[in-house]
Amino acid sequence: MAFTGSFMATSFKQELLEGVHDFRLTGGDTFKLALYTNSASFDASTTAYTVTNEVGNSGTYSAGGGTLTRIDPTTSGTTAFADFADLSFTSATITARGALLYNTTPAHTYTNPVVAVLDFGSDKTSTSGTFTIQFPTADASNAIVRIA
71 MAFTGSFMAT SFKQELLEGV HDFRLTGGDT FKLALYTNSA SFDASTTAYT VTNEVGNSGT
131 YSAGGGTLTR IDPTTSGTTA FADFADLSFT SATITARGAL LYNTTPAHTY TNPVVAVLDF
191 GSDKTSTSGT FTIQFPTADA SNAIVRIA
């Protein structure tokens with residue numbers, strides 16, 4: 071098994087302090103989600119999007135994945151969080167074990183820096199159907215990006 075859990079990339083944590091990522095709904099960066107087979111190998115040192123072991127083009131899925139719709143960052147208590155709307159690929163035959171969430175328009179000289187690695191826990195499949203990534207509730211306990 072190549073995926074070993076979901077986590078934020080270590081480089082992302084540093085890039086936040088450098089002002090590389092802008093999660094605002096209006097005027098923010100463009101984030102994408104790319105899907106990968108179980109042959110992909112990612113760890114906390116993963117820094118950028120790669121095509122290696124990405125699932126093949128099918129239906130509305132193509133290399134690089136899909137563009138995410140941001141939900142404005144906010145806070146609750148002492149936790150700041152950002153999230154995204156669910157993402158679907160239609161008419162797709164896909165088997166994916168996980169995904170990379172990455173930024174395609176970062177500040178500075180970074181190229182497609184990774185925000186997070188998502189492990190689906192097992193292969194997820196669609197056959198000539200809709201493959202949907204359902205993001206968790208946008209709150210301080212569940213949002214995909216949380217800083218407590």
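Mapping of the sequence shown onto this note's numbering: residues 71 to 218, in sequence order.
Glycine is no exception: its CB is placed at the ideal position from the N, C-alpha and C atoms.
| Asked | Found |
| --- | --- |
| Spatial distance of residue 129 from residue 163 (CA atoms) | 7 Å |
| At least three beta-carbon pairs within less than 8 Å, the segment 151-169 to the segment 202-212 | yes |
| Own chain residues within Cβ distance below 7 Å of residue 114, not counting five before or after | 77, 79, 80 |
| Residue environment, residue 50, which counts as buried when at least 16 other CB atoms sit within 10 Å | What is shown of the chain runs 71 to 218, which leaves residue 50 out entirely. |
| Extent of the continuous beta strand (DSSP E) to which residue 73 belongs | Looking at the DSSP string, residue 73 is not in any beta strand (DSSP E), and its letter there is neither H nor E. |
| In chain order, each beta strand (DSSP E) run of at least 3 residues that lies wholly inside the segment 76-128 | 101-106 |
| Straight-line Cα distance separating residue 131 from residue 217 | 30 Å |
| Residue 169 in three-state terms, based on DSSP | strand |
| Per DSSP, cross-strand counterpart(s) of residue 131 | 128 |
| Beta-carbon proximity check, residue 167 vs residue 73, cutoff 8 Å | yes |
| Unbroken beta strand (DSSP E) run spanning residue 154, endpoints | 149-154 |
| N- and C-terminal bounds of the beta strand (DSSP E) containing residue 145 | 140-146 |
| Among 83, 124, 147, nearest to residue 210 - alpha-carbon criterion | 147 |
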